[in-house]
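Asker: Take a look at this one; I'll ask things after.
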Amino acid sequence: MHRNKLRIIRKQYGYTYQMMADKLGITKSYYWQIENGKRGLSYEQAVQISSIFSKTPDEIFLPDYIEVKGCSR
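Take the sequence shown: its letters are residues -13 to 59, numbered as in our numbering.
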């Protein structure tokens, strides 16, 4: 997961860890662990987080680009 992207979006919306935790129905510590890569998250949690920001899970949790190595044409 691209946690920096999640953190940037959260801060753009002016949300704190506690505000996100409250919206998700989890503890602040649990949310902090998700955002900082200490805990994984389920697809349902990814969808829930994305909906808070009116985005798709792909927009938040996938890289902006994917580098393909070793391909020859």
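For each residue, glycine too, the CB sits at the ideal point set by N, CA and C.
Contact check, Ile35 vs Leu10 under 8 Å by CB: the rounded distance?
Answerer: Sure, about 7 Å apart at Cβ, within 8 Å.
Asker: CA-CA distance, Ile38 and Gln4?
Answerer: Their backbone Cα atoms lie some 14 Å apart in a straight line.
Asker: Flag this pair as yes or no: are the beta carbons of Ala32 and Pro43 separated by less than 7 Å?
Answerer: Contact: yes.
Asker: Just reading off the alpha helix (DSSP H) that Phe47 is part of, what are its end residues?
Answerer: Note, Phe47: alpha helix (DSSP H), 43 to 47.
Asker: How would you write the range of the alpha helix (DSSP H) that Ser28 sits in, first residue to last?
Answerer: Element bounds for Ser28: n/a, residue is neither H nor E.
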